[in-house]
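Here the structure comes first, spelled out in structure tokens, and everything after it is commentary.
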Amino acid sequence: SLGLYPDFMAKEIEQQPDVAERLITTWSGSILHGLWPSFSLPVPRHVTVVGCGTSLNAGRVVADLLARLGSIPFAAVEASELTSTATVPGSLALVLSQSGETADVLTALDVLHGRGHAVVALTNNPHSALARRAEAVMMCHAGPEIGVAATKTFVAQVLGGTCVVLSLLGCSGAVEQQRAQRLVRDLDRVPDALAQAIGASRRTIPQVLEGLTKASGYVFLGRGPGRIYADEGALKLKELTYRWAESHAAGELKHGPLALVEHGTPVIVVDDGSARMHATIAEVSARGAEITSIGGHGTSVPALGSPLAVALDTTVDWLGPLASVVALQIIARELAVALGRDVDKPRNLAKSVTVE
Ligand code: F6R
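Letter 148 of the sequence shown, counting from 1, is numbered 394 in full-length UniProt numbering, and no numbers are missing.
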């Protein structure tokens, strides 16, 4: 039930610290003891990440981590594109789906099996067709998600996937066991970081809301792993508000999209505090953009006029800006509520997409 929450999305956003805590407690023990229980697959030389929408974004975060920590290359493919996309022979397939019933994902699963790929599934539904048919399953333990927009399952997929990554790297010796254990222990700080992000977003986002409602389009920017979060923020905003949102790697702005930016254009930055991000913010700010910086502890913000910052604790650096997704979800939801949208049931969308 909703309890005191105005909608399921609000409730599911607030549940994220608890979901993270449950997932980390469930999996980190077995990883710390050196072995992934039912995971007897060889360490892959390449990984193919497959999913749709938010699940694909979670998969991109996980694969990026595998590449950064373990130097294992990857390709991320939309499930609907897999048939016409060549895959690397012998690549391990990591298939993510909250529902485990998405038609595009199940078709992709057949294609992957047909090409001889072993499949590790990351899903929130243990009884799903995906869970039944994959070679190994990582459960997300997020509890039922009612809001059509995925929120807590994204966090659960990222953390579940992170546990898979640490387990693979620890078992294989690609990351020295002691270091893998330190990384697992770092995860204990994630629930607090997510709770802090909820508090900071609640305090700060109402201040930008009025400016945001007046705009008709939005630009999201990020760098490195932050780029994936920018994509996720733009996706959430589109589906909930029915307004246009673009997401770009910050450095790509000057190669075209900068032409969109004019006085008052909202630019939402997943801010890594780098000098390069600082330069991008200065560039859009000089054109009168309304900047909201998410991250906010870095060097970019204080130096420039008064862009608004949702200041997040930067506790687990190697994991990337996971807590920023909370601020991005809250921006999309608050804006949608201000515009009178039904945030739990956005038009034209379904929770489980069972047609191709
Ligand atoms: C966005 C959203 C969708 C789903 C996508 C895949 O908020 O919910 O993009 O992520 O339809 O669904 P699953 O994960 O069930 O395969």
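For every residue, glycine included, the Cβ atom is placed at its ideal position computed from N, Cα and C.
Keep in mind it's a predicted model, so treat the numbers as computed, not measured.
7 angstroms CB neighbourhood of residue i in its chain, flanking five on each side removed
i, result
"Ser337", "Pro290, His292, Val293, Thr294, His363"
"Lys591", "Val394"
"Thr399", "Gln344, Asn370, Cys386, Ala388, Glu391"
"Arg306", "Val295, Ala322, Ile474"
"Ser284", "Because Ser284 carries a pLDDT of 45, less than 50, the predicted location of this residue cannot be relied on, and no value is offered for it."
"Val583", "Val589"
Per-residue DSSP class, three states only, for residue i
i, result
"Asp588", "coil"
"Val323", "strand"
"Thr487", "helix"
"Thr450", "helix"
"Tyr464", "strand"
"Ala555", "strand"
"His494", "strand"
"Glu529", "helix"
"Ser570", "helix"
"Ser598", "coil"
"Thr538", "strand"
"Pro512", "strand"
"Asp434", "helix"
"Val507", "coil"
"Gly502", "coil"
"Ser247", "coil"
"Pro263", "helix"
"Gly470", "coil"
"Arg593", "coil"
"Asp563", "helix"
"Gly479", "helix"
"Pro252", "coil"
"Glu422", "coil"
"Ser520", "coil"
Cutoff 8 angstroms: residue i Cβ touching any chain B Cβ
i, result
"Arg361", "Judged by its chain identifiers, the structure shown contains no chain B, having just a single protein chain."
Contact under 8 angstroms by Cβ, residue i with residue j
i, j, result
"Leu595", "Glu498", "no"
"Arg469", "Ala496", "yes"
"residue 232", "Ile451", "Missing from the structure shown is residue 232; the chain here goes from 247 to 602 and no further."
"Val430", "Ser274", "yes"
"Leu585", "Thr397", "no"
"Ala380", "Val365", "yes"
"Asn303", "Asp477", "yes"
"Val351", "Ala325", "yes"
"Gly472", "Arg489", "no"
"Pro567", "Val516", "yes"
"His494", "Leu467", "yes"
"Gln492", "Val530", "Checking the sequence shown, residue 492 turns out to be Glu, not Gln. The answer is no: Cβ separation not under 8 angstroms."
"Ala461", "Thr511", "yes"
"Leu376", "Gly407", "no"
Near the ligand F6R: residue i beta-carbon under 7 angstroms from a heavy atom
i, result
"Thr300", "yes"
"Gly297", "yes"
"Thr600", "no"
"Ala395", "yes"
"Leu481", "yes"
"Thr450", "no"
"Thr348", "yes"
"Val351", "yes"
"Ser520", "no"
"Thr345", "Before going further, note that residue 345 is Ser rather than Thr in the sequence given. True, at least one ligand heavy atom lies under 7 angstroms from that Cβ."
"Glu258", "no"
"Glu485", "yes"
Residues near residue i by beta carbon distance below 8 angstroms, same chain, minus five either side
i, result
"Ala349", "Val599, Thr600, Val601, Glu602"
"Leu358", "Thr294, Val296, Leu328, Thr333, Ala339, Val341, Val365"
"Leu312", "Val293, Ile318, Phe320, Val411, Leu414, Leu415"
Other residues of its chain near residue i: CB distance less than 6 angstroms, five sequence neighbours each side excluded
i, result
"Gly457", "Glu536"
"Phe254", "Ile392, Gly393, Asp590"
"Glu580", "Ile451, Leu455"
"Pro263", "Pro437, Leu440, Ala441"
"Gly316", "Leu415, Ala420"
Mind listing, in chain order, the continuous alpha helix (DSSP H) runs of no fewer than 4 residues lying wholly within the UniProt domain "SIS" (281-420)? With a minimum length of 4 residues, the continuous alpha helix (DSSP H) runs that stay inside the UniProt domain "SIS" (281-420) are 299-316, 349-360, 375-379, 398-418.
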